[in-house]
Amino acid sequence: MEKVKELGQPPCNIFSTWSTEGTRVNALKADLEAALERAEKAEQELKKNQEEQSSKEIEFGNCQKKVGALENDLDETEKNLKETTEKFRESELKCETLERKVAQLENEVAEKEKKIEELIEERNKLKAEYEGVISSISELQSFQIFTFSTFSQQRISNNYTSSVSPFEKSGRNRIGSKTTTNDNEGIDSFLLNYANKQKDNGLMNVKESNETDSSSSSPNLLLSKFTSKKSDTTQRTSGSDVAKLLSDFLVPSEELYRIHIRASYNNTIVSLANSRKDVLINSSGGLVGFKKAQRGGYEAAHQAAIALVEKVKEKGIKIKNVEVLIKGFGPGRDAAFKAIASPENPWTIKRITDSTPLPFGGCRPRKARRL
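Under full-length UniProt numbering, the first residue of the sequence shown carries the number 1, and numbering increases by one thereafter.
And the structure:
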């Protein structure tokens, strides 16, 4: 009331203002309630939006995971593609090398066939010469038999009983002015025995020929049959002997190449030499591209041996047999040998030798340290 008095307003006006203020307050309450409802709705919508956003984020994360998996699959497929292309190239290279080898083998087969034909011709020539020699030997044998048989017949018919031999009469056995009778008698007895044996053999042949064929009773025919039979048997045995000799003598020996591996602790040197010990190709860990301490490692030795094999293929050196000589106990010893002994290489290892020098004897060693 004091305030109303101070304002100088009558009380009726104050009640009217209170009523208006009450209506305003009610209106403000209604507005406030509507605002609260709107705020609740907005909160609900916000929650829905947040839930939707979280679900979308989850979906986005899943999509990102799928994209990552697809990218990994893409990388794997690219790697597989690269590997397949590399394998395809390697297979093409292998096919080319195999085709070259096939062509080389065909050429070698043709050359060997030519050589075999030449050897067969030479064998036929040698066989003909051998048959001619055997026939001449058989003719000489028949001539000797005939001369001894005629000489024995003449001696028996003339009743030759003197101590002088026909060689002494003709003057063939004259060494000095006088000759001993014992030697002459020994020669005469030997000739008589030989002639009698040949005569008995001739009679046996005559009996056999009479049993088989009565028409062939002349001595010349008997001698010709005897010599022909003997030459046939010698030819049968000689053909196999000549073939064996030719096969042993005319087979060409293949050249034996040498691969030296010098494995030290600082480097690994691999070199190829022929049978005359002439060095053809050299390779080492430093030549391949390794530097300083890496030159004596396992990988450097492996790459050096592979480089030597590639150089051999580039130069077209035909190597079939190889001897491997290893010297030293470096770390590249086994690596170089494994690269050289791989089955993909065109050669076969016939011999492996360890040429590492081991000291024996020598000078006096240092005195042992004593603590």
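Yeah, the Cβ is synthetic: ideal placement off N, Cα and C, and Gly gets one too.
Cβ-Cβ distances below 8 angstroms link residue 279 to 271, 272 and 273 in the same chain, with the five nearest sequence neighbours on each side left out; the list follows chain order. Going by beta carbons, residue 333 and residue 326 fall inside the 8 angstroms limit. DSSP assignment within the region 284-337 yields the following whole alpha helix (DSSP H) runs of 4 residues or more, N-terminal first: 285-288 and 298-315. The region 348-367 and the region 294-305 do not touch, with fewer than three beta-carbon pairs separated by less than 8 angstroms. In summary, residue 262 is buried, with 16 or more beta-carbon neighbours lying within 10 Å of its beta-carbon over all protein chains present. For residue 273, the enclosing beta strand (DSSP E) stretches over residues 268-273. Fewer than three Cβ pairs drawn from the region 346-360 and the region 283-291 lie within less than 8 angstroms of each other, which leaves the two stretches out of contact.
Assigned with DSSP and collapsed to three states, residue 124 falls in helix. DSSP places residue 368 outside both helix and strand once states are collapsed to three, so it counts as coil.
Within the region 78-131, there are no complete beta strand (DSSP E) runs of at least 3 residues. Counting C-beta atoms within 10 angstroms of its own C-beta, residue 138 has 16 or more neighbours from the protein chains shown and is therefore classed as buried. About 5 angstroms separates the beta carbons of residue 265 and residue 330, which is inside the 8 angstroms limit, making them a contact pair.
Judged by their CB atoms, residue 336 and residue 293 are not nearer to each other than the 8 angstroms cut-off. According to the DSSP assignment, residue 350 belongs to the beta strand (DSSP E) that extends over 348-354. Residue 35 is bridged by DSSP to nothing; it lacks a bridge partner. Note on geometry: alpha-carbon atoms of residue 115 and residue 310 lie some 32 angstroms from one another.
Here the alpha carbon of residue 289 sits roughly 13 angstroms from the alpha carbon of residue 306.
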